[in-house]
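**Student:**
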Amino acid sequence: MLGQKERHIKKRMEGRVIINRLMMVLFGVATAIGLIFLVLLFYRVLTQGIGYLNWDYLSNFPAPYPEEAGIYAGLIGSIMLMVIVAIFSVMVGVGSAIYLEEYAPKNRMTEFIRINIQNLAGVPSIVFGLLGLTFFVYLFSFGYTLIAGGLTMALLILPVIIVAAQEAVRSVPAEMKEASYGMGATKWQTISRVILPAAVPGILTGTIIALSRAIGETAPLIIVGAAAAIYTLPESLLAKYTVMPIQIYNWTSRPAEEWQFVAGAGIIVLLVVLLLMNSIAVWIRNKYQHRL
Amino acid sequence: MSEVMVKKKNNTVNKASKREENSFGLQKEKANHIIEVNDLNLWYGSDQALYEVNMDVPEKQVTAIIGPSGCGKSTFLKTLNRMVEMVPVVKTSGSIKYRDQEIFNRKYKQEYLRTKVGMVFQKPNPFPKSVYDNVAYGPRIHGIKKKEILDQIVEKSLKGAAIWDELKDRLHENAYGLSGGQQQRVCIARALAVEPDVILMDEPTSALDPISTAKVEELVQELKEKYSIIIVTHNMQQAARISDKTAFFLNGELIEFADTDHLFQNPQDKRTEDYITGRFG
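Below, the structure is given as structure tokens:
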């Protein structure tokens, strides 16, 4: 009897072990598929673009010949755009996060607004492009200018920043707020001296991650009229501008093969900027996590 | 009118001589009440947490509040400086007077009340700042900017909390690096820096080890020279050790409020007796 049971367990054992192996392989393959394509992408971009990547490329304006073309206008345009986006989205985003978390009455209306802000974060970027076109380009008659592009992008990442800032504000321990209120501090004193300083790392991290989404965006900027090629840097908020993704998109749609290499070099620059921004976010997060 | 005058007279008499006050039991009951609670009811939404509480808190004494978990003792304490209203659904009725001023009055500023009625919390809750900045937080929010004055306040408050000698060379270290007991005394110093009249303590030693607890208890004894202290505690021995008067709460009601010795040795209410003899709770 006992021997039979034992045998039965042994028999089942083999099957179980095999299934376990099989699952490990399956999940491993899933990971590998992602990794392989990532490596392929890097390989293609690097081998194609690296030859064109040099100081001239970084400091030249677009040109009719691939050898002379550069990303300078796009790089500076992207940075200028990000500064505008950061200023507007952080001011409005942190402001509304503080209002929603600290001032707004905790009722259904607030909850409704909160949920819809989260939904807004998932709205396709092209919709924000159309919004920007209607409001900033036409209604405010900014035209196809840097400020119109900046404000459109600020709207695009605003929901992400609000949600990140809300989470950062909410994660400030209640005991700390109580300590402040308990000494007779007003709400604003508590916000400015206790809540915001504690929430800054979270807000900064969220902002940088949102900005790195914005810096790669193309669709909304095509709609609000970023220029395909400009030969001077934007001199004011109301000047024409271009950004890296637009420039890259423009080059890839040209027939001659050399332009693909120029675009590849552009992608490398964009990736480096992205990587830099993300490292800053990680650095901030680690730095402040140690303190708490 | 005449009652008020009698009261005032008693106040001055009692302030002038504490001994005299003690020799007249009746006058002691009537006078020197820094906080007077009348018919206080409190609801969290539709749940009533406090029922018709009447209690007069004596000045410059230690008043302990005891009772089983959920009996409303912390809620009652937090009502005294209106911190309980941080919970949005709280409703209250009745009256609480601090120095004869109705604190529920619309014109009465919560911020003012809380500078006069300070609070020390259950868990040490220093800010993630230096010891100095923690203690200077209160004076700063009340508009004191001069370094010399802040230095003085910080030193005086840390001395008041009996932790100056331990920390005078570590003022600019982050308060998070201190031990739990030190953190709690820094929090007491931080409360003292606002120069309150009354200090509310919500189980201030429940997160501390026995040695730190002893230090805080000793400190409470020193503080009552200058401050009126109301302390919520789970620990009946602690209440017996450090308080002059004790209030026993049960299910949101104030069952008994008397001199500590009296309450522990000769409880008037059966429920008090059951609780302090360990029959429940």
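Heads up: the protein sequence lines correspond to chains A and B, in order. Each residue of the first sequence is one higher than the last, beginning at 0 in numbering that gives the first Met the number 0. Each residue of the second sequence is one higher than the last, beginning at 0 in numbering that gives the first Met the number 0. Beta carbons are placed, not taken as given, at the ideal position from N, Cα and C, and that holds for glycine.
How would you call residue 24 of chain A, buried or exposed, if buried means at least 16 neighbouring beta carbons within 10 angstroms?
**Tutor:** Within the first sequence, numbered from 1, the residue matching residue 24 of chain A stands at position 25. With fewer than 16 other Cβ atoms within 10 Å, it is exposed.
**Student:** Can you say whether residue 152 of chain A is buried or exposed, counting buried as having 16 or more other CB atoms within 10 angstroms of its CB?
**Tutor:** Position 153 of the first sequence, counting from 1, holds the residue named residue 152 of chain A. When all chains shown are included, residue 152 of chain A counts as buried.
**Student:** Grab me the residues of residue 160 of chain B's own chain with a C-beta within less than 8 Å of its C-beta, minus the 5 sequence neighbours each way, in chain order.
**Tutor:** Looking up residue 160 of chain B in the second sequence gives position 161. Once the five neighbours on either side are set aside, the close Cβ partners of residue 160 of chain B are 184, 185, 187, 188, 191, 218.
**Student:** Could you tell me which chain A residues have their CB closer than 9 Å to the CB of residue 312 of chain B, listed as they occur along the chain?
**Tutor:** The question about residue 312 of chain B has no answer here: the residues shown for chain B are numbered 0 through 280.
**Student:** Quick check on DSSP: helix, strand or coil for residue 23 of chain B?
**Tutor:** As a first step, residue 23 of chain B is located in the second sequence; it is residue number 24 there, counting from the start. Bear in mind that a pLDDT of 44 at residue 23 of chain B, under 50, signals an unreliable position, so the number given afterwards is only what the model happens to contain. Three-state result, residue 23 of chain B: coil.
**Student:** Along chain A, in chain order, which residues have C-beta atoms closer than 9 Å to that of residue 130 of chain B?
**Tutor:** Start at 1 with the first residue of the second sequence, and residue 130 of chain B comes out as number 131. Residues of chain A passing the Cβ test: none, with the nearest at roughly 14 Å.
**Student:** Please list, in chain order, all residues of the same chain as residue 51 of chain A whose beta carbon is under 6 Å from its beta carbon, the five residues on each side excluded.
**Tutor:** Translated into the one-based positions of the first sequence, residue 51 of chain A becomes position 52. The residues are 260, 261, 264.
**Student:** Tell me which residues share the same chain as residue 1 of chain B and place their Cβ nearer than 8 Å to its Cβ, disregarding the 5 neighbours each side in the sequence.
**Tutor:** Against the second sequence, residue 1 of chain B aligns to sequence position 2. Because the pLDDT of residue 1 of chain B is 44, which lies under 50, any placement of that residue in the model is unreliable, and the number read from its coordinates should be weighed accordingly. Closer than 8 Å at the Cβ level, and outside the excluded window around residue 1 of chain B, lies no residue.
**Student:** Using a Cβ cut-off of 7 Å (strictly closer), state whether residue 286 of chain A contacts chain B.
**Tutor:** Start at 1 with the first residue of the first sequence, and residue 286 of chain A comes out as number 287. Chain B, which has no Cβ nearer than 7 Å to the Cβ of residue 286 of chain A, makes this no.
**Student:** Mind checking the segment 98 to 123 of chain A against chain B and listing, in chain order, the residues whose C-beta falls within less than 8 Å of any C-beta there?
**Tutor:** Here the close residues are 104, 105.
**Student:** In terms of alpha-carbon separation, which member of B:37, B:223, B:272 lies closest to residue 51 of chain B?
**Tutor:** What you label residue 51 of chain B is simply residue 52 of the second sequence in a count that begins at 1. The shortest C-alpha separation from residue 51 of chain B is found at B:37.
**Student:** Would you list the one or two residues that DSSP bridges to residue 57 of chain B?
**Tutor:** Reading the second sequence from its first residue, position 58 is the one you call residue 57 of chain B. B:32, per the DSSP bridge assignment.
**Student:** Within 7 Å of any Cβ in chain A, is that where the Cβ of residue 140 of chain B sits?
**Tutor:** Position 141 of the second sequence, counting from 1, holds the residue named residue 140 of chain B. Chain A contact via Cβ: present.
**Student:** Please state whether DSSP places residue 139 of chain A in a helix, a strand or coil.
**Tutor:** Within the first sequence, the letter at position 140 stands for residue 139 of chain A. Three-state DSSP puts residue 139 of chain A in coil, outside helix and strand.
**Student:** Can the beta-carbon of residue 163 of chain B be found closer than 7 Å to that of residue 157 of chain B?
**Tutor:** Taking the second sequence and counting its residues from 1, the one referred to as residue 163 of chain B is at position 164. Taking the second sequence and counting its residues from 1, the one referred to as residue 157 of chain B is at position 158. Yes, they are a contact pair.
**Student:** Taking C-beta to C-beta, are residue 241 of chain B and residue 61 of chain B nearer than 7 Å?
**Tutor:** Position 242 of the second sequence holds residue 241 of chain B. Position 62 of the second sequence holds residue 61 of chain B. It is a contact, given that the beta carbons lie within the stated cut-off.
**Student:** For residue 81 of chain B, count neighbouring Cβ atoms within 10 angstroms of its own Cβ and tell me buried if that reaches 16, exposed if not.
**Tutor:** Along the second sequence, read from residue 1 onward, the residue named residue 81 of chain B stands at position 82. Looking at its Cβ environment, which holds 16 or more other Cβ atoms inside 10 Å, residue 81 of chain B is buried.
**Student:** Work out the CA separation of residue 97 of chain B and residue 270 of chain B for me, nearest whole Å.
**Tutor:** Looking up residue 270 of chain B in the second sequence gives position 271. Looking up residue 97 of chain B in the second sequence gives position 98. If you take the alpha carbons of residue 270 of chain B and residue 97 of chain B, they lie about 30 Å apart.
**Student:** Counting only beta-carbon separations shorter than 7 Å, does residue 265 of chain B have a partner in chain A?
**Tutor:** Looking up residue 265 of chain B in the second sequence gives position 266. Not one chain A Cβ lies under 7 Å of residue 265 of chain B.
**Student:** Between residue 198 of chain A and chain B, is there a C-beta pair that is closer than 7 Å?
**Tutor:** Position 199 of the first sequence holds residue 198 of chain A. Taking Cβ atoms only, chain B never reaches closer than 7 Å to residue 198 of chain A, which makes this a no.
**Student:** Quick one: list the residues of chain B neighbouring residue 204 of chain A, beta-carbon separation under 9 Å, in chain order.
**Tutor:** What you label residue 204 of chain A is simply residue 205 of the first sequence in a count that begins at 1. Result: empty, since nearest Cβ-Cβ is about 17 Å, beyond 9 Å.
**Student:** Is there at least one Cβ from chain B nearer than 7 Å to residue 185 of chain A's Cβ?
**Tutor:** Numbered from its first residue, the first sequence carries residue 185 of chain A at position 186. Chain B contact via Cβ: present.
**Student:** DSSP state of residue 201 of chain B, grouped into three classes?
**Tutor:** Your numbering for residue 201 of chain B matches position 202 in the second sequence. The answer is strand: DSSP assigns residue 201 of chain B an E or B state.
**Student:** Checking the sheet assignment: what are the DSSP bridge partners for residue 286 of chain B?
**Tutor:** Lying before the first or after the last residue shown, residue 286 of chain B is absent from chain B, which here runs from 0 to 280.
**Student:** What does the alpha-carbon distance come out to for the pair residue 20 of chain A and residue 30 of chain A?
**Tutor:** As a first step, residue 20 of chain A is located in the first sequence; it is residue number 21 there, counting from the start. As a first step, residue 30 of chain A is located in the first sequence; it is residue number 31 there, counting from the start. Distance between the alpha carbons of residue 20 of chain A and residue 30 of chain A is about 16 Å.
**Student:** Just to make sure I have the definition right: I need the residues of chain B whose C-beta is within less than 7 Å of the C-beta of residue 174 of chain A. Which are they?
**Tutor:** What you label residue 174 of chain A is simply residue 175 of the first sequence in a count that begins at 1. The contacting residues are 120, 122, 124.
**Student:** Rounded to whole angstroms, what's the CA-CA distance from residue 211 of chain B to residue 141 of chain B? Just pull it up for me.
**Tutor:** Translated into positions along the second sequence, residue 211 of chain B becomes position 212. Translated into positions along the second sequence, residue 141 of chain B becomes position 142. About 31 Å.
**Student:** Below 8 Å, how does it come out for the segment 67 to 82 of chain B and the segment 151 to 170 of chain A: are there three or more Cβ pairs, yes or no?
**Tutor:** As far as the Cβ criterion goes, the segment 67 to 82 of chain B does not touch the segment 151 to 170 of chain A, which means the pair count is below three.
**Student:** Can residue 73 of chain B and residue 201 of chain B be called in contact, C-beta distance under 7 Å?
**Tutor:** The sequence position of residue 73 of chain B within the second sequence is 74, counting from 1. The sequence position of residue 201 of chain B within the second sequence is 202, counting from 1. Closer than 7 Å, so yes.
**Student:** Are any of the Cβ atoms in chain A nearer than 7 Å to that of residue 87 of chain B?
**Tutor:** Along the second sequence, one-based indexing puts residue 87 of chain B at 88. Closer than 7 Å: yes.
**Student:** What is the C-beta distance between residue 76 of chain A and residue 136 of chain A, in whole angstroms, given that I count them as a contact (C-beta under 8 Å)?
**Tutor:** Counting from 1 along the first sequence, the entry for residue 76 of chain A is found at position 77. Counting from 1 along the first sequence, the entry for residue 136 of chain A is found at position 137. Not a contact, Cβ separation roughly 17 Å.
**Student:** Can you give me the Cβ contacts of residue 48 of chain B inside the same chain, cut-off strictly under 6 Å, excluding the 5 residues immediately before and after it?
**Tutor:** Locating residue 48 of chain B in the second sequence gives position 49, where the first residue counts as 1. Taken in chain order, the residues that qualify are 41, 71, 74, 251.
**Student:** Name, please, each residue of chain B whose Cβ falls closer than 7 Å to the Cβ of residue 193 of chain A.
**Tutor:** In the first sequence, counting from the first residue as 1, residue 193 of chain A sits at position 194. In chain order: 126.
**Student:** Pick helix, strand or coil for residue 227 of chain A, following the three-state DSSP scheme.
**Tutor:** Here the question's residue 227 of chain A lines up with position 228 in the first sequence. Here residue 227 of chain A sits in coil by DSSP.
**Student:** Could you check whether the Cβ of residue 188 of chain A sits closer than 7 Å to any Cβ belonging to chain B?
**Tutor:** Numbered from its first residue, the first sequence carries residue 188 of chain A at position 189. Yes, contact with chain B.
**Student:** What do you get for residue 132 of chain B, buried or exposed, if any count of 16 or more other CB atoms within 10 angstroms of its CB means buried?
**Tutor:** Translated into positions along the second sequence, residue 132 of chain B becomes position 133. When all chains shown are included, residue 132 of chain B counts as buried.
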